[in-house]
Amino acid sequence: MYTLMYNITQIKMILYIGFIIEHIYYVLQRNFYVFIFLYMFLCPESIIIGMHNNTVPPQVMHTPGGRNGAIMENYQITRWCAQFIRQQVQEGDLCIDATMGNGNDTLLLSQLCGETGRVLAFDIQNKALKSTEERLHKHDTPHNYKLILDSHTNLENYAEPGSVSCIVFNFGYLPGGSHELCTKPDSSLCALTQALTLLQKGGLLSLCIYSGGDSGFEERDAILSWLKQLDPHSFLVIKSEYYNRPNHPPIPVLVIKL
Ligand SMILES: C[S@@+](CC[C@H](N)C(=O)[O-])C[C@H]1O[C@@H](n2cnc3c(N)ncnc32)[C@H](O)[C@@H]1O
């Protein structure tokens, strides 16, 4: 009875649609894996992330402005050390930047110790003094600093023993300058020894140690051996490590005078 309600054209349409559905089903079934494969290329990130068994999309890790980009910047060696320097330095403190370079650490120390504090910054290159002066000027820092064109092997001529809150060493060469004029093992150890004498009790020595490439390994090894033999009753030495980073990553070290 019911079929009587359909005319020929409608029956043709139903057959035609049925044919198309069956054909699509056949194609889908035969090419199931091809579709899955194509989908993975075109699909949202979430599927790819699932495959990598990693909650962080790889591209985000390299996006400078992205959340992870910011995290990676914060864990860069100088920023890592800066966190501890910030905790240490108080308004009115005397601080030393033993390797002034372009003045990033001098700027930080100057801002932290304020109008009533004092920063002595050392470098053997005039270029470093100029660059630092410009940086400090640009940031309108308090006039609490002295930029000294002298080797850090003469640190003890500029401050009293036990008077300094924080001393920063960022070894290596001036970024954008001659690689020949880098810090050297003997002079570095001489300066570090003096630095320990100048530090007050509870004072902090912050070290950024580089190796490989132009820096080689001699200075790194000399500094690490020197640190190892420091009297544990007088100094606490904390050495951090970029444990899974290849190619001789830099080594941040903190020394606290007990
Ligand atoms: C890696 S850079 C320092 C970077 C600096 N902290 C900054 O924020 O730009 C090392 C600096 O140490 C300086 N230097 C090398 N030997 C030195 C010495 N005996 N006394 C003082 N500075 C020295 C170099 O000229 C260079 O500018």
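The sequence shown: position 227 = 257 (our numbering), numbered continuously.
Just so you know, even glycine gets a beta-carbon here, dropped at the ideal spot from N, CA and C.
Tell me whether residue i, by its Cβ, gets closer than 7 Å to a heavy atom of ligand 2.
| i | result |
| --- | --- |
| L211 | Only ligand 1 can be found as ligands here, which leaves ligand 2 out of the picture. |
Out of the options, point me to the one whose CA is closest to residue i's CA.
| i | options | result |
| --- | --- | --- |
| L222 | A112, L142, Y175, F265 | F265 |
| R116 | L138, T129, N98, M102 | L138 |
| W256 | V285, S241, K42, T171 | V285 |
| P191 | K287, L211, R250 | K287 |
| T171 | L142, Q230, I197 | L142 |
| I154 | L204, V198, E121 | L204 |
| C212 | N274, G233, G246, S193 | G246 |
| Q118 | Y240, G233, E249 | G233 |
| F152 | L260, S181, I101 | S181 |
What does a CB cutoff of less than 8 Å around residue i pick up in its chain, not counting 5 residues either side in sequence?
| i | result |
| --- | --- |
| E186 | Q224, T227, L228 |
| E163 | G133, L177 |
| T183 | S217, C220, A221, Q224 |
| H263 | L288 |
| K231 | G192, K287, L288 |
| F114 | L234, S236, L284 |
Write down the C-beta distance between residue i and residue j rounded to the nearest angstrom, noting that I regard them as a contact closer than 8 Å.
| i | j | result |
| --- | --- | --- |
| L166 | S195 | Rounded, the Cβ-Cβ distance is 19 Å, inconsistent with contact. |
| L150 | Y188 | 5 Å |
| G147 | L179 | That pair is no contact at about 22 Å. |
| F201 | T129 | 7 Å |
| K157 | G99 | Contact flag wrong, Cβ pair sits at about 31 Å. |
| T197 | I126 | What sits at residue 197 in the sequence shown is Ile, not Thr. That belief holds up - the Cβ atoms of I197 and I126 are roughly 4 Å apart, short of 8 Å. |
Taking the alpha helix (DSSP H) that residue i belongs to, which residues open and close that run?
| i | result |
| --- | --- |
| Q118 | 107-118 |
| R165 | 156-168 |
| C212 | Unbroken run through C212: none, as it is neither H nor E. |
Using a Cβ-Cβ cutoff of less than 6 Å, which residues in the same chain neighbour residue i once the five nearest sequence positions on both sides are dropped?
| i | result |
| --- | --- |
| I107 | C238, P280, P282 |
| D244 | H209 |
| H173 | none |
| F199 | A128, T129, L237 |
| C73 | Any reading at C73 must be qualified, since the residue scores a pLDDT of 39, below 50, and its modelled position is unreliable; the value itself is stated next. Excluding positions up to five away in sequence, the list is empty. |
How far does the beta strand (DSSP E) with residue i in it reach, from first residue to last?
| i | result |
| --- | --- |
| A235 | Checking the displayed sequence, the identity of residue 235 turns out to be Leu instead of Ala. From DSSP, the beta strand (DSSP E) with L235 extends over 229-239. |
| D251 | Unbroken run through D251 is the alpha helix (DSSP H), 248-258; no beta strand (DSSP E). |
| D127 | 124-127 |
| S140 | No beta strand (DSSP E) holds S140; the alpha helix (DSSP H) holding it covers 134-143. |
| F265 | 265-269 |
| Y175 | 175-179 |
| R148 | 148-153 |
| F201 | No beta strand (DSSP E) contains F201, which DSSP labels as neither H nor E. |
What residues in its chain sit with their C-beta under 7 Å from that of residue i, if we drop five residues either side in the sequence?
| i | result |
| --- | --- |
| N277 | G242 |
| E121 | C143, G144, T146, G147 |
| R275 | none |
| I51 | none |
| C111 | S236, C238, P282 |
Checklist entry - Given 8 Å as the limit, is there contact between the segment 269-281 and the segment 210-225, that is, 3 or more CB pairs closer than that? => result no
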